[in-house]
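Step one of this worksheet: look at the structure below.
Number of protein chains: 2
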Amino acid sequence: MSLKHGLLGLLNYGDMTGYELDKAFKVSLNFFWQAQTSQIYRELNAMEKQAWLISQIIPQTGKPNRKLYKITDLGRAELKKWLSKKDLEEDLNVKNVFLMKMFFSAEVNVSETIDTLKRYKAQCLGDLQAMSQTGSVISDYGQNLENKKSMVYWASTATFGVYYLNMCVKWAEDTIKTLEEIS
Amino acid sequence: MSLKHGLLGLLNYGDMTGYELDKAFKVSLNFFWQAQTSQIYRELNAMEKQAWLISQIIPQTGKPNRKLYKITDLGRAELKKWLSKKDLEEDLNVKNVFLMKMFFSAEVNVSETIDTLKRYKAQCLGDLQAMSQTGSVISDYGQNLENKKSMVYWASTATFGVYYLNMCVKWAEDTIKTLEEIS
DNA sequence: TGGGTCATGTAACCTGTTACATGATTAG
DNA sequence: CTAATCATGTAACAGGTTACATGACCCA
Chain A
12 MSLKHGLLGL LNYGDMTGYE LDKAFKVSLN FFWQAQTSQI YRELNAMEKQ AWLISQIIPQ
72 TGKPNRKLYK ITDLGRAELK KWLSKKDLEE DLNVKNVFLM KMFFSAEVNV SETIDTLKRY
132 KAQCLGDLQA MSQTGSVISD YGQNLENKKS MVYWASTATF GVYYLNMCVK WAEDTIKTLE
192 EIS
Chain B
12 MSLKHGLLGL LNYGDMTGYE LDKAFKVSLN FFWQAQTSQI YRELNAMEKQ AWLISQIIPQ
72 TGKPNRKLYK ITDLGRAELK KWLSKKDLEE DLNVKNVFLM KMFFSAEVNV SETIDTLKRY
132 KAQCLGDLQA MSQTGSVISD YGQNLENKKS MVYWASTATF GVYYLNMCVK WAEDTIKTLE
192 EIS
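In order, the protein sequence lines correspond to chains A and B. Counting the first sequence from 1 gives a position; our numbering is that position plus 11. Counting the second sequence from 1 gives a position; our numbering is that position plus 11.
Right, here's the structure in full:
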């Protein structure tokens, strides 16, 4: 149940509409969690029923009305409970379709797999490039927060991203080399 | 739709029952994909309806009968189609609850987060220890295959695991250091 | 005049999780 | 005597994906 908690975390920074949450999600949490717009709206509904949020309609003219969500004390309590949960094990599970394909790649030509790995590497390098700008994005956003401490944690997840992508590039290069030797 | 394809991939090595697939899954694909036993049985049913598999009941006495699955030509075609799909982007998406919690950790005490990171590191080191034995496991299993090439790919995914866990350990250490400085 | 942004969703479907059920055999 | 192993699942629910719908406004 992490999408709900991600949304709680974002709403804890300030009130937002579903539309704004969707965008905020995509610029911040997207590296380690992906969510569809439609799912966000559905989860917000469910969370309001659970009284983790309350909403307020803000009329607009010419545009659809905005439905602004605010986190409740119950929601904040839930967020903290989730953050403080001691049991790590489930949180470490990772699903990686790319690796699953690699596992079974004896079924396709070596040259095709090498090609896939090269595209993989290129993609990782592109993502790294994009990530090199997160530093300034973080300090831009961080200015609006009362709790400046957040920036340290945001930066640490960005660092994870950089370490991860560099590791993937190295692994791809090593694997390509191994495959070129046997082909 | 990766569980189905993982099961196809395993059945491509040889006929198995749901029970055996469950165990095979947990010793091979578990690092990058996790599946519940009940889900495996359900997916096998669905796959048989799609004619990717056929099954055969093998009566036993004293034990429940075995339901042995065999991949069909249609199933093999589907496996290859999935493996050859050129579009990488979706395959690179990764969901990581641990990082999402880290992102919002300004809400909990720094000391608590440092403690969590230490347990994270310990867990990674434990997993690394466990992974150091995969080399021999791979060559044991590989002996039974006609297609020995598989071992190279299995080994490459295991290498990814080792690189990944080492990277996580380094990141945890760096992050602990950063947090200790600000606290 | 065509595409992007703003802003809301619903419906159908697929996939993943949790809890439960059965019952004999075997190893410690 | 107890726990694990063998071997099958079903039911209910939660979460994720895909496709579709509406409609004004703004910019090139």
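All C-beta atoms, glycine included, are put in the ideal place defined by N, C-alpha and C.
Contact set for residue i: own chain, Cβ-Cβ below 6 Å, skip 5 residues either direction
i              : result
D26 (chain A)  : L79 and K81
A169 (chain A) : T145
Q67 (chain A)  : L79
L176 (chain B) : C135, D138 and L139
W165 (chain B) : I149
I75 (chain B)  : In the sequence as displayed, the identity of residue 75 (chain B) is Pro instead of Ile. Cβ within range, chain order: n/a, list empty.
Same chain only: Cβ atoms within 8 Å of residue i, ignoring 5 sequence neighbours per side
i              : result
S131 (chain A) : With the sequence shown as reference, residue 131 (chain A) is identified as Tyr, and Ser is not the correct amino acid for it. So the qualifying residues of the chain are F109, C179 and A183.
L32 (chain B)  : L18, L21, L22, I51, L55 and Y80
I65 (chain A)  : E59, Y80, K81 and T83
W63 (chain B)  : K15, L19, I82, T83, L85, G86 and E89
N122 (chain A) : In the sequence as displayed, the identity of residue 122 (chain A) is Ser instead of Asn. Excluding sequence neighbours, S122 (chain A) sits near S194.
T124 (chain B) : M113, S116 and L190
W44 (chain A)  : S13, L14, G17 and F36
Residues that residue i contacts on chain B, provided the C-beta gap is smaller than 7 Å
i              : result
N104 (chain A) : Q45
G146 (chain A) : Near G146 (chain A) there are no residues of chain B at all, since even the closest Cβ is about 14 Å away, more than 7 Å.
G17 (chain A)  : M111
CB contact below 8 Å: residue i versus chain A
i              : result
A117 (chain B) : yes
V180 (chain B) : no
F242 (chain B) : Not covered by the structure: residue 242 (chain B). The range shown for chain B is 12 to 194.
K129 (chain B) : no
G20 (chain B)  : yes
L64 (chain B)  : no
S167 (chain B) : yes
S13 (chain B)  : yes
Buried/exposed call for residue i, threshold 16 Cβ in 10 Å
i              : result
G17 (chain A)  : buried
T186 (chain A) : buried
G20 (chain B)  : buried
G172 (chain B) : buried
D102 (chain B) : buried
E157 (chain A) : exposed
G29 (chain B)  : buried
N107 (chain A) : buried
A46 (chain A)  : buried
E191 (chain A) : exposed
A35 (chain B)  : buried
E100 (chain B) : exposed
S167 (chain B) : buried
Residues that residue i contacts on chain B, provided the C-beta gap is smaller than 9 Å
i              : result
Q134 (chain A) : L99, E100 and L103
N158 (chain A) : A117 and E118
T83 (chain A)  : Ordered by position in chain B, no residue passes the 9 Å Cβ test against T83 (chain A), which lies about 15 Å from the chain.
L32 (chain A)  : By Cβ distance, chain B contributes nothing, its closest Cβ being about 14 Å from L32 (chain A), past 9 Å.
Neighbour flag for residue i against chain B, beta carbons, 8 Å
i              : result
M27 (chain A)  : no
L139 (chain A) : no
L55 (chain A)  : no
T189 (chain A) : yes
N107 (chain A) : yes
Neighbouring residues, chain A, relative to residue i (Cβ below 7 Å)
i              : result
I193 (chain B) : V163
S150 (chain B) : Those within 7 Å of S150 (chain B) in chain A number zero; the least Cβ separation is about 15 Å.
Contacts of residue i in chain B (Cβ-Cβ under 8 Å)
i              : result
T170 (chain A) : W182, D185 and T186
K91 (chain A)  : E118 and V119
Partners in chain A for residue i, counting only beta-carbon separations shorter than 9 Å
i              : result
M174 (chain B) : The sequence shown places Tyr at residue 174 (chain B), rather than the Met named in the question. The contacting residues are M178, C179, K181, W182 and D185.
N155 (chain B) : Result: empty, since nearest Cβ-Cβ is about 14 Å, beyond 9 Å.
Own chain residues within Cβ distance below 7 Å of residue i, not counting five before or after
i              : result
G153 (chain A) : K159, S161 and M162
W93 (chain A)  : H16
R77 (chain B)  : T28, I69 and Q71
T48 (chain A)  : D33
M12 (chain B)  : none
Beta-carbon neighbours of residue i, restricted to chain A and to distances below 8 Å
i              : result
E123 (chain B) : S95
C40 (chain B)  : What sits at residue 40 (chain B) in the sequence shown is Leu, not Cys. Those are M111 and F114, listed as they occur along chain A.
At least 3 beta-carbon pairs within less than 8 Å: the region 29-43 of chain A vs the region 106-124 of chain B: Result yes; three or more Cβ-Cβ pairs closer than 8 Å.
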